[in-house]
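In our numbering, the protein residues as written are 1 to 319. Each residue gets a CB set at the ideal place from its N, CA and C atoms; glycine is no exception. Please read all numbers here as calculations on a predicted model, not as lab measurements. Accompanying notes for the structure given below.
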Amino acid sequence: MKERHLGRSGLLVSRLGLGTMTWGQDTAPDEAAAQLIAFVEAGGTLVDTADVYSDGDSERILGHLLRETVDRDDLVVATKAAIRPNGRYDGSRRHLLHALDASLDRMDLDHVDLWQLHVYDPNTPLEETLSALDEAVSSGRARYVGVSNYAGWQVSKAAAWQRAWPGRAPVVSAQLEYSLLRRDIEREVVPAALDAGAGLLPWSPLGRGVLTGKYRTGIPAGSRAAAPHFADFVQPYLDEECARIVESVVTAAEGLGCSPLAVALAWVRDREGVAAPIVGARTAAQLGAILESEEVTLPHEIRGALDDVSDLSDTTSHP
1 MKERHLGRSG
11 LLVSRLGLGT
21 MTWGQDTAPD
31 EAAAQLIAFV
41 EAGGTLVDTA
51 DVYSDGDSER
61 ILGHLLRETV
71 DRDDLVVATK
81 AAIRPNGRYD
91 GSRRHLLHAL
101 DASLDRMDLD
111 HVDLWQLHVY
121 DPNTPLEETL
131 SALDEAVSSG
141 RARYVGVSNY
151 AGWQVSKAAA
161 WQRAWPGRAP
171 VVSAQLEYSL
181 LRRDIEREVV
191 PAALDAGAGL
201 LPWSPLGRGV
211 LTGKYRTGIP
221 AGSRAAAPHF
231 ADFVQPYLDE
241 ECARIVESVV
251 TAAEGLGCSP
261 LAVALAWVRD
271 REGVAAPIVG
281 ARTAAQLGAI
291 LESEEVTLPH
301 EIRGALDDVS
311 DLSDTTSHP
């Protein structure tokens with residue numbers, strides 16, 4: 001798997017990242033182990049988790065695998081904080097540094113490679129929130145820092161504040177939802193990240209699974225849309241506008257002799273500013289299909305056609 005620099009930093013990451021949101025909930029530890037082994041064998045390095053995923057079990061499983069299954073030095077470990085277990089946003093310095101210490105304890109690590117603010121907390125002064133990033137880097141608990149789910153102006157403000165004085169930790173990444181079904185970040189967030197030198201880490205690059213084509217004729221048993229805790233997550237992308245885009249992806253895949261998944265992932269992977277889409281899979285078999293997409297590069301004509309069919313002026317902006 002090829003590597004890219006994360007934004008304008010010197011940090012190299014594989015151009016696909018492994019997401020672990022389902023680890024400990026829909027993905028059992030043995031399946032998680034099989035996924036991580038396959039990912040590393042394919043040349044993958046970036047693994048993304050968060051303190052609230054599966055109430056901390058995602059980090060616990062990853063930590064166990066780093067001790068028992070793969071070499072920690074082969075991975076770029078990324079985690080996130082700023083959401084309390086009750087769902088409340090908390091960007092206070094107190095909560096963030098406590099959360100980082102708890103993440104390190106769960107993973108049995110002395111540092112993470114990338115620590116990200118999971119959400120923007122409007123009730124905490126941004127300079128206080130960002131001071132936690134500086135402390136994390138200066139203390140050696142994190143090597144790099146970034147943001148997640150920030151609006152364009154929030155990315156710009158955070159990046160500008162961190163650049164204002166020497167010694168502050170620069171914002172090197174911005175993790176946001178981005179796919180052929182969710183292109184609204186191109187209006188403000190992408191330009192802000194490019195200007196700030198922050199590499200984009202798209203989450204849900206397959207449109208919450210819809211771009212694989214699995215929902216074209218209904219909701220399959222065992223899919224995320226069939227699961228009570230994920231049904232509302234997938235439902236916004238099961239409308240007619242999204243179906244039109246999915247059919248275009250399927251047509252492109254048939255012409256290229258590959259899967260719709262590979263087409264959709266290659267499209268977002270090679271967008272300007274993207275360092276690594278974060279891909280999640282429930283099983284190792286699903287991850288295998290995702291890893292096969294690494295061999296696919298879209299011809300200019302097909303990329304242009306997909307750009308047109310998913311153009312922001314023609315499609316609904318989904319939440």
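Minimum Cβ-Cβ distance from residue i to chain D less than 7 Å
i, result
"residue 255", "Looking for chain D here will not work: only one protein chain is present."
C-alpha distance - residue i paired with residue j, whole-angstrom precision
i, j, result
"residue 214", "residue 261", "10 Å"
"residue 303", "residue 170", "33 Å"
"residue 85", "residue 94", "15 Å"
"residue 111", "residue 79", "11 Å"
"residue 18", "residue 157", "28 Å"
"residue 53", "residue 200", "21 Å"
"residue 321", "residue 276", "Absent from the structure is residue 321, since the part of the chain shown begins at 1 and ends at 319."
"residue 51", "residue 98", "11 Å"
"residue 39", "residue 100", "25 Å"
"residue 316", "residue 109", "With a pLDDT of 44 at residue 316, under the threshold of 50, the modelled position of this residue cannot be trusted; read the value that follows with caution. If you take the alpha carbons of residue 316 and residue 109, they lie about 43 Å apart."
"residue 131", "residue 113", "18 Å"
"residue 161", "residue 312", "31 Å"
"residue 241", "residue 306", "13 Å"
"residue 249", "residue 263", "7 Å"
"residue 139", "residue 232", "40 Å"
"residue 29", "residue 293", "25 Å"
"residue 120", "residue 253", "37 Å"
"residue 107", "residue 270", "32 Å"
"residue 172", "residue 133", "12 Å"
"residue 247", "residue 16", "24 Å"
"residue 22", "residue 257", "30 Å"
"residue 278", "residue 90", "24 Å"
"residue 4", "residue 230", "32 Å"
"residue 2", "residue 46", "12 Å"
"residue 168", "residue 204", "30 Å"
"residue 284", "residue 179", "22 Å"
Candidates the options: closest to residue i by CA position
i, options, result
"residue 65", "46, 34 and 238", "34"
"residue 239", "274, 122 and 181", "181"
"residue 243", "232, 258 and 218", "218"
"residue 153", "140, 138 and 190", "190"
"residue 255", "292, 301, 289 and 281", "301"
"residue 296", "265, 305 and 282", "265"
"residue 24", "63, 1 and 127", "63"
"residue 128", "107, 198 and 96", "96"
"residue 175", "194, 263, 160 and 167", "194"
"residue 188", "162, 155 and 168", "155"
"residue 48", "28, 245, 29 and 75", "75"
"residue 44", "288, 230, 308 and 305", "288"
"residue 308", "298, 245, 294 and 280", "245"
"residue 192", "283, 250 and 272", "272"
"residue 274", "106, 138 and 183", "183"
"residue 212", "168, 230, 286 and 270", "286"
"residue 102", "136, 299 and 252", "136"
"residue 251", "88, 173 and 216", "216"
"residue 88", "77, 122 and 58", "122"
"residue 268", "230, 284 and 310", "310"
"residue 259", "3, 204 and 298", "298"
"residue 143", "58, 1 and 77", "77"
Integer Cβ distance of residue i from residue j, believed to fall under 8 Å
i, j, result
"residue 36", "residue 70", "6 Å"
"residue 141", "residue 104", "6 Å"
"residue 145", "residue 115", "5 Å"
"residue 82", "residue 117", "5 Å"
"residue 56", "residue 197", "In fact, because the Cβ distance is near 32 Å, the residues do not count as touching under 8 Å."
"residue 202", "residue 186", "About 11 Å separates the two Cβ atoms, so there is no contact after all."
"residue 282", "residue 20", "In fact, because the Cβ distance is near 11 Å, the residues do not count as touching under 8 Å."
"residue 148", "residue 124", "Actually they do not touch by this definition, with Cβ atoms about 16 Å apart."
Cβ-based burial, residue i [other Cβ within 10 Å; buried from 16]
i, result
"residue 150", "buried"
"residue 68", "exposed"
"residue 41", "exposed"
"residue 11", "buried"
"residue 291", "buried"
"residue 280", "buried"
"residue 73", "exposed"
"residue 163", "exposed"
Distance cut-off 6 Å: residue i Cβ against heavy atoms of the ligand ADP
i, result
"residue 159", "As presented, the structure is devoid of all ligands, the ligand ADP included, so that no description of it is given."
| Should the segment 231 to 238 be called in touch with the segment 192 to 212, which here means at least 3 C-beta pairs below 8 Å? | Segments in contact, yes.
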